[in-house]
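The structure appears below as structure tokens.
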Amino acid sequence: MESPSVPAHRGHVPWQGLLLAISLLTFWSPPSTARLTVASVNAAEGKGALLLVLNLPENPAGYSWFRGESVDSSRGIGAFLIETQKFTPGPAHSGRETIYPNGSLLFQKVALNDTGHYTIVVTKKDFLTEKATGQLTVYPLLPKPSITSNNSNPKDYKASVLLMCEPETQDTTYLWLVNSQSLQDSARLELSKDNRTLTLIRVMKTDKGPYECETRNPVSAGRSDPFTLNVLYGPDAPSISPSDSHYPPGENLNLS
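Read left to right, the sequence shown gives residues -34 to -1, 1 to 222 (mature numbering (1 follows the signal peptide of the UniProt record, and there is no 0)).
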């Protein structure tokens, strides 16, 4: 950032000159109750994101932003001079970043590779500087999930069925519902380590469902359409009621 000892002007300020000024200034650590802070944020891919600056010191002369956790001139996004309201882009400026007069950094249409730490340096009019680092984490917007199965027509008591929640995506939480309720503990139900696959062991006719899977990440969520198994069963063994070993002549019996 331009040294406060040099009169500000409204022309283009070389990025190298701004970095030289910052390197000559002294970093000061204020009391923790008033420490400069950058609020970390989660953002959806393709959307906007704002790294908000909190506890800004009084009488700032300007701000500089850097990619990463250190002040590295090759990773400078840009600098903003308050007196002139001028923004000077740095070598790491992608054309999507804007520094606001309050020091906050706006990203337009964030990409997954924008994920990382970002550092602000605030230069004050008394030649002291403060810096703080925050994190931007970009997640994809999740598509609507769907359920696939290795066997949609299993036989009662004879088959095990695998239900898979598609697609597989990183940093995603998978949840399962059966009959619109959370899964209950059962010795015949097994979940994979990532919860993406549900195994039904020795499927029964009462296991037909419907089943649904949910996908979630910090910025989006989705639920599949209901999936119903066509469990093949029968004929069941006949039963006689009332049940007894001997029946007197003329007694009425029910055969089912």
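All C-beta atoms in this analysis are idealised placements derived from N, C-alpha and C, irrespective of residue type, glycine included.
According to DSSP, residues forming a beta bridge with residue i
i	result
Lys52	Leu47
Tyr97	Tyr is not the amino acid found at residue 97; the sequence shown has Lys there. Answer by DSSP bridge pairing, in chain order: Val87.
Met130	Thr114, Thr163
Ser148	Leu143
Asn8	Thr103
Leu18	Ala5
Glu178	Leu143
Thr64	Leu72
Leu187	The amino acid occupying residue 187 in the given sequence is Ala; Leu does not appear at that position. Ala187 pairs with Arg182.
For residue j and residue i, the rounded distance between their alpha carbons
i	j	result
residue 231	Ser126	The structure shown does not extend to residue 231, since the chain is modelled only from -34 to 222, so the question has no answer here.
residue 293	Pro26	Because the chain in this structure spans residues -34 to 222, residue 293 falls outside the shown range and cannot be described.
Ser40	Ser152	57 Å
Glu134	Asp160	10 Å
Pro184	Val19	22 Å
Arg182	Leu107	10 Å
Val76	Met170	48 Å
Val197	Cys131	20 Å
residue 224	Leu78	Shown here, the chain extends from -34 to 222; a query on residue 224 therefore has no answer.
Leu166	Asn21	54 Å
Glu35	Thr99	6 Å
Arg168	Thr3	56 Å
Pro208	Gln147	37 Å
Gly(-24)	Pro55	With a pLDDT of only 39 at Gly(-24), under 50, the local geometry of the prediction cannot be trusted, and no value is derived from it.
Lys124	Pro215	40 Å
Ser60	Asp92	31 Å
Neighbourhood of residue i by C-beta, 6 Å cutoff - its chain only, sequence neighbours within 5 removed
i	result
Val180	For the sequence presented, residue 180 should be read as Glu rather than Val. The answer, listed in chain order, is Leu141, Arg189.
Leu195	Lys174, Gly175
Phe46	Gly28, Tyr29, Phe53, Ile65
Gln74	Gly14, Arg62
Glu12	Here residue 12 turns out to be Gly, not Glu, going by the sequence shown. Closer than 6 Å at Cβ, skipping near neighbours: Lys75.
Thr103	Asn8, Thr81
Gln101	Ser6, His83
Burial state of residue i (16 or more Cβ within 10 Å)
i	result
Pro23	buried
Arg154	exposed
Ile43	buried
Arg162	buried
Thr139	exposed
Leu17	buried
Arg33	buried
Gly82	exposed
Ala9	buried
Thr172	exposed
Leu157	exposed
Proximity to residue i [Cα-Cα], best of the options
i	options	result
Thr85	Val104, Leu78, Ile65	Ile65
Leu164	Asp137, Asn116, Gly42, Ala15	Asn116
Ser70	Ala5, Gly42, Pro215	Ala5
Glu178	Lys110, Lys90, Pro214	Lys110
Ser113	Asn79, Leu102, Pro215, Leu129	Just to set this straight, residue 113 is Ile in the shown sequence, not Ser. The option with the nearest alpha carbon to Ile113 is Leu129.
Val37	Pro208, Lys97, Thr172, Ser148	Lys97
Pro67	Ala77, Thr3, Val88, Val76	Val88
Val7	Asp80, Glu156, Asn119, Val197	Asp80
Trp31	Leu78, Ser148, Leu72, Asn145	Leu72
Lys90	Thr103, Thr99, Glu49	Glu49
Gly145	Pro192, Arg168, Leu102	Note that residue 145 corresponds to Asn in the displayed sequence, not to Gly. Of the listed residues, the one whose Cα sits closest to Asn145 is Pro192.
Arg1	Pro55, Ser209, Thr95	Thr95
Chain-order list of residues whose beta-carbon lies under 8 Å from that of residue i (same chain, five-residue window excluded)
i	result
Gln51	Pro67
Close-in-space but distant-in-sequence residues of the same chain around residue i (CB under 7 Å, 5 per side omitted)
i	result
Asp137	Tyr105, Asn183
Leu149	Trp142, Leu155
Ser118	Leu195, Asn196
Any non-hydrogen atom of the ligand SAH within 7 Å of residue i CB
i	result
Arg1	No copy of the ligand SAH occurs in the structure displayed, which carries no ligand at all.
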